[in-house]
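**Student:**
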Amino acid sequence: MKDLNEFIKEFGSEDDFKANAFYDKHLDCIRVRTRDCSVIEERLSHIFTMLKSAHSGQDNFVGFTIKGVRHLFEELGMDPKGVFRLTDIINAIVGKYPDQVVKEVREAFVSVEGYKEIEVELKELATA
Amino acid sequence: MVDIVEIDSEHIFLVDAKFFNEDKNEVIDAKIGMLTSDLKAYALRSEFTQIAQFYHTVCDGLILTRHIFEGLERPLYCDGKSNGDSVKLAYSRKPTKDCEWVGGKHGYLQKLDAPEGHVFAVIVSPNVHTEKYPDIKGWIEHWSWIKEDQGLNEAPINWVDRYNCKLWTWK
Chain A
1 MKDLNEFIKE FGSEDDFKAN AFYDKHLDCI RVRTRDCSVI EERLSHIFTM LKSAHSGQDN
61 FVGFTIKGVR HLFEELGMDP KGVFRLTDII NAIVGKYPDQ VVKEVREAFV SVEGYKEIEV
121 ELKELATA
Chain B
1 MVDIVEIDSE HIFLVDAKFF NEDKNEVIDA KIGMLTSDLK AYALRSEFTQ IAQFYHTVCD
61 GLILTRHIFE GLERPLYCDG KSNGDSVKLA YSRKPTKDCE WVGGKHGYLQ KLDAPEGHVF
121 AVIVSPNVHT EKYPDIKGWI EHWSWIKEDQ GLNEAPINWV DRYNCKLWTW K
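Sequence lines, in order, name chains A and B.
Note that the numbering used here numbers the first sequence so that position 80 is 80, with each residue one more than the last.
Note that the numbering used here numbers the second sequence so that position 63 is 63, with each residue one more than the last.
#1: Assuming contact is defined by CB atoms lying nearer than 8 Å, are A30 (chain B) and A41 (chain B) in contact in what I supplied?
#2: Would you mind telling me which residues of chain E sit closer than 9 Å to D98 (chain B), beta carbon to beta carbon, in chain order?
#3: Quick one: give me the first and last residue of the beta strand (DSSP E) that S45 (chain A) is part of.
#4: Please identify, using Cβ separations under 7 Å, the residues of the segment 106 to 134 of chain B that lie next to chain A, in order along the chain.
#5: Give a yes or no on whether the C-beta atoms belonging to T57 (chain B) and P95 (chain B) are separated by under 8 Å.
#6: Check whether the Cβ atoms of E47 (chain B) and F17 (chain A) sit closer than 8 Å, and answer yes or no.
#7: Taking I51 (chain B) as part of the alpha helix (DSSP H), name the residues at either end of that continuous run.
#8: Give a yes or no on contact between the segment 34 to 43 of chain A and the segment 124 to 139 of chain B, applying the rule of three or more CB pairs nearer than 8 Å.
#9: Beta-carbon within less than 8 Å of V94 (chain A)'s beta-carbon, same chain only, minus the 5 sequence neighbours each way: which residues are those?
#10: Using beta-carbon positions only, say whether F7 (chain A) and I140 (chain B) come within less than 8 Å of one another.
#11: Within the continuous alpha helix (DSSP H) that includes E113 (chain A), where are the two ends?
#12: Under 8 Å Cβ-Cβ, which residues of chain A neighbour S46 (chain B)?
#13: Whole alpha helix (DSSP H) runs in the segment 63 to 118 of chain A with 4 or more residues, listed along the chain?
#14: Any residues in the segment 59 to 90 of chain A with a beta carbon nearer than 9 Å to a beta carbon of chain B? Which ones, in chain order?
#15: By DSSP, does R93 (chain B) sit in helix, in strand, or in coil?
#16: Helix, strand or coil for V2 (chain B)? Go by DSSP, reduced to three states.
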């Protein structure tokens, strides 16, 4: 079995970490990460979980999770196929559920460098 | 303790863990799997801390789980079923240590004290592909820190609302 160092050196990307989003098909959620660090998950609502750094005091937002994606897309009247800009998904959620939790997530998200360019592919959801 | 096996060209980490056997209403020692392809996906996104935690906190500690919960209280579509939330398992405990990977691909492991007042939770899905993987009881899908419940030591906060039920506690 490869140890941790061997695994990262063999399979790790040479690129520095950058903010990203991906669809987690096992848990039907979109995971948004803005920093590579240990995270604490804080459940905000049935849709959102906020991610905070486990070891830094201030400015510790490091991402969030959008849960129940398939159900959510049905609620939003969106077809869960293809590649989406995360801002479009967030804006759709804000339009449908304009509560404080959603606004809090959007506020944190727009503080992320390059947030407008972050995309997520829902290919595996569409074929599930 | 962790082994790695190859089944039909797929490499799988096998992690020692407890598993609640609902048929016999008892907890058994079992192997829980993690596809290396899932772990490689983290590596391709340069999320090395997740990999470090898998090696040092999940693999080394899943057997030390204090509680096993069943069912996530949220909509979850999985494996073609709309009630995928009901079968998910959450393993929680309170390790004393955490870790982060520092410095990108050519960086190093940094060991840290666990965040105070938090538990480490691992989400596991029971293995339904038992013909292909007869020795694997479940699949590791996610892990993170969550604030500790005030009423039940080593359980995630508001576990009563968060999960359908508590299956087992190590006493």
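We put the beta carbon where it would ideally sit given N, CA and C, even for glycine.
**Tutor:** A quick look at the data gives this:
#1: The answer is no: Cβ separation not under 8 Å.
#2: The structure shown contains no chain E; the protein chains it does contain are A and B.
#3: Segment: none, S45 (chain A) is in no beta strand (DSSP E) and carries neither H nor E.
#4: If the cut-off is 7 Å between Cβ atoms, the segment 106 to 134 of chain B has L109, L112, P115, H118, I123 and S125 near chain A.
#5: Contact flag set, yes.
#6: Using a Cβ distance threshold of 8 Å, E47 (chain B) and F17 (chain A) count as a contacting pair.
#7: Its alpha helix (DSSP H) spans residues F48 to Q53.
#8: Counting C-beta pairs closer than 8 Å gives fewer than three between the segment 34 to 43 of chain A and the segment 124 to 139 of chain B, which falls short of the contact rule.
#9: If we look at V94 (chain A) and ignore the five residues flanking it on each side, its Cβ neighbours are V102, K103 and R106.
#10: Cβ atoms of F7 (chain A) and I140 (chain B): not closer than 8 Å.
#11: Neither: E113 (chain A) is in no alpha helix (DSSP H) and is coded neither H nor E.
#12: Those are G12, S13, D15, D16, F17, K18 and D36, listed as they occur along chain A.
#13: Qualifying alpha helix (DSSP H) stretches, in chain order: 69 to 76, 86 to 96 and 100 to 109.
#14: For the segment 59 to 90 of chain A, which is checked against every Cβ of chain B, the residues closer than 9 Å are K67, G68, V69, R70, H71 and L72.
#15: In the structure shown, the three-state DSSP call for R93 (chain B) is strand.
#16: Strand, per DSSP.
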